[in-house]
Structures are given as structure tokens and as C-alpha cells.
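The working numbering numbers the first residue of the sequence shown as 104 and each following residue consecutively. One structure below.
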Amino acid sequence: MPCPHCQSSCVVKNGTYSLKDGSSVQHFLCKGCGKRFSDKTNTLMARLRTPASVVSLAFKMRGEGMGVRASGRVLDVSHSTLLRWEERMAGQASQWSPKAPDPCEVTLEHDELYTRVGENLPPQESEGWTLTTMERESRYWVTAQVGRREQALFEQGVRTSWQWAAPAAFIRWFSDGERRYAQELWALASIRLRYPQVARAYGHLKVWREGLEVAIKIKGSQGRPRRQWLYPDHPFTAVSSASEVHANHCEALNSSIRPHCSAYRRRQNHYAKTRAGLQRAITVQQLIHNWIRPHFSLGKRTTPAMRMGFISRPVTMLEFLTTRRYRAITS
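So this is what it looks like as C-alpha cells:
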């Protein structure tokens, strides 16, 4: 086993430590950097004496909508311990968030989801708004950003989504009536053309980058066109048909969040007491959705991460807990 710190293969055994179920874990000592490690180092199970099977079962229960206290009673574990495990998983999100592969075509749908955080404040004052972004074809959940429904939340959510999608050659960016997605994206993805690049008859010099299409579907259009393409497109970008401009799949994702995540359950919300707690809970659901739970519309035993091409087979919860990053998963 190579050292996870310096990748040296000059390692020797250096004692063991026991878990709560009586099993032991081998420690190693690296001759290169002098650090001790085990096969759990830099994973979610690092420094935990609880067996991985118990932690795996806890996340499965939480991923299917069981409350944190109910899960603790079933597993005979403190609810605060379960929350610390969730904080560990949410902290590993950067290791399991690869960017869109290049070259490829992605269609991003954007929508908002509301729940209560702390006191029962009016929606415009609540911090329980969640911005969700999903890739349409793969059902890959790109962004889950929590906060008050203000410009700063849209700015952060759009920046995260754009950093993920920017490597793709062709990007379609759709939402249902909310223009702030396009307004924030305009500052990140607009370019300025010169007249030798485009004819004067086109009439626009500042446009979206080539391959990027941004449109919204307005539900209450009141006789006006229901689909609108925001800001001028690049002259070499193909425009989608009007029937493809929608965020139906992202809305379906938001509907599925409520039964799967207890923090979003209507009239029974006892867990989203803080904004940080809600962000932790939704990040855990995002990781489970992308890497572990197969999606029925993608085929048998196919996860969104598989459809995006990041991995070639499903990842079990136990494997997710004991793997340092998605690149370490082999067929």
C-alpha cells in the first residue's frame, strides 16, 4: 500500500487499533515522510472506531428520508454522532465533484426549492431557499446552494454551475422564468466580438460565448411568448427548438428531495435549524443521488455519475465511505 501523503512505496507495518466490534485495523509507517497511516486515512472512515457497516447503514437510512433521531434510535447511536458523520461526508464533496468532461454537450436546468430554517419567517426573509442545478440527460445534480433568496445566492450558485459546465463545448442553460440566473451568467460567459468576426448586419458585438445558449420558460406569460432567449447569442451557436426550453426534470428532482431529505419535509421540519445544517443535509443528498442511488430513467443500475462518464459501474455506500476520491474507483 503506497503512502497517501507522499505516494512512497517504502512502508512498514506499525501496530494496529481495534474497532468497537472487535476487529482490528493495520497501521503503517512511511519511511519517506515518517507519517503513520492506514487504509482509512483521508477517507470518511478516518479515525472512526465505529464499523463501516454501521456508518453505511446510517447513511442509507438518512438517504431514504428517515429522521436523524429515528436513525439514531434504530442504530443505538447518538443523533449528534450521526450529524458529525454527515459533516464528514459533506466535507468530502470537493473530492467527488469533477467538472463536465470535454468535449461534450450539457443541458443545465435551474430551479429553486423552499423550506423553513429556524423560525417560521416569511419566505422573503427565510434562509431556507435552495438553488438546484441539474444536467438534463444524465440527471447529474450539479449545484445545491442554500441561503436567502437574494442576489448573493444566485451569484454563488451560478458561479458554481458555470465552473462545472465551462469545459463543455456546447451548453444549454434553461430556467423557469427566473432571470437572475442569466444576469449573473452574463458577467461570466459573455464575450465581445470584432467586426471582422461578425457582419455589421448582425447588430450585436457583446454576445454569449460560442456554444452557449440561455433561455427561460415563463409559466404566467399572459399572452406573451412563453419562451425567451436572453441576451444575444453567438452567431455560430445553434438555437434549440421551443419545446426543449424547460426545467421539468429539475422540478421533478426538487419534488423528490422532500421525501428523501427530512430537512425538507413539510410540516415536520425539525432538523433544518440553521443554514449550515440545511447545507450539510442537502450536500449529503446530492452525493448519494449522483454516485450511489441508480436513477430509473437511466437504465438498470445506472447512476448519474455513470451516465456522465466519470465511473463505469455503480458505487456502493460502503465503497464510498472507504474510498479517497472517485478517481480511485476501478472496474
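Backbone N, C-alpha and C define an ideal beta-carbon position, used for all residues, glycine too. As the structure is a computational prediction, the values presented were derived from the model and not from experiment.
Asked	Found
Please check the pair residue 314 and residue 366, which I expect to be a contact at CB under 8 Å, by giving their CB distance rounded to whole angstroms.	About 37 Å separates the two Cβ atoms, so there is no contact after all.
Counting along the chain, where does the alpha helix (DSSP H) carrying residue 286 start and finish?	283-292
Roughly how many angstroms lie between the CA atoms of residue 389 and residue 302, to the nearest whole one?	45 Å
Going by other Cβ atoms of all chains shown within 10 Å of its Cβ, with 16 needed for buried, is residue 399 buried or exposed?	exposed
Using only CA atoms, which one of 396, 348, 417 lies nearest to residue 210?	348
Starting from residue 385 and walking both ways along the alpha helix (DSSP H), at which residues does that stretch end?	378-390
Following the continuous beta strand (DSSP E) through residue 309, name the residue where it begins and the one where it ends.	309-311
Helix or strand or just coil, what does DSSP make of residue 145?	coil
In the DSSP assignment, find the beta strand (DSSP E) that holds residue 277 and state where it starts and stops.	273-278
Measuring only the C-alpha atoms, how far is residue 201 from residue 137?	31 Å
Tell me whether residue 305 sits in a helix, a strand or coil according to DSSP, three-state version.	helix
Measure the C-alpha to C-alpha separation of residue 284 and residue 337 and round it to an integer number of angstroms.	18 Å
Out of 362, 380, 432, state which residue places its alpha-carbon closest to the alpha-carbon of residue 394.	432
Identify, in the order they occur along the chain, each residue of the same chain with its Cβ nearer than 7 Å to the Cβ of residue 263, setting aside the five sequence neighbours on each side.	246, 248
CA-CA distance, residue 184 and residue 335?	52 Å
Whole angstroms is fine: what's the gap from residue 291's alpha carbon to residue 212's?	18 Å
Among the residues of its own chain, which have a CB less than 8 Å from the CB of residue 134, if the five just before and after it don't count?	111, 113, 114, 115
Does the separation of the CB atoms of residue 243 and residue 350 fall below 8 Å?	no
Rounded to whole angstroms, what's the CA-CA distance from residue 405 to residue 241? Just pull it up for me.	10 Å
With residue 131 as the anchor, note down where its beta strand (DSSP E) starts and where it stops.	127-133
Tell me whether residue 414 sits in a helix, a strand or coil according to DSSP, three-state version.	coil
Can you tell me whether residue 236 is buried or exposed? The criterion is at least 16 other CB atoms within 10 Å of its CB, across all chains shown.	buried
When you compare each of 187, 141, 140, 255 to residue 158 by their alpha carbons, which one comes out closest?	187
Work out the CA separation of residue 379 and residue 401 for me, nearest whole Å.	32 Å
In the DSSP assignment, the beta strand (DSSP E) including residue 342 goes from what residue to what residue?	Run containing residue 342: none; DSSP gives neither H nor E here.
Taking only three categories from DSSP, how would you classify residue 163?	helix
Ends of the beta strand (DSSP E) at residue 117?	114-121
Please name the residue in 205, 214, 175, 226 whose C-alpha comes closest to that of residue 266.	205
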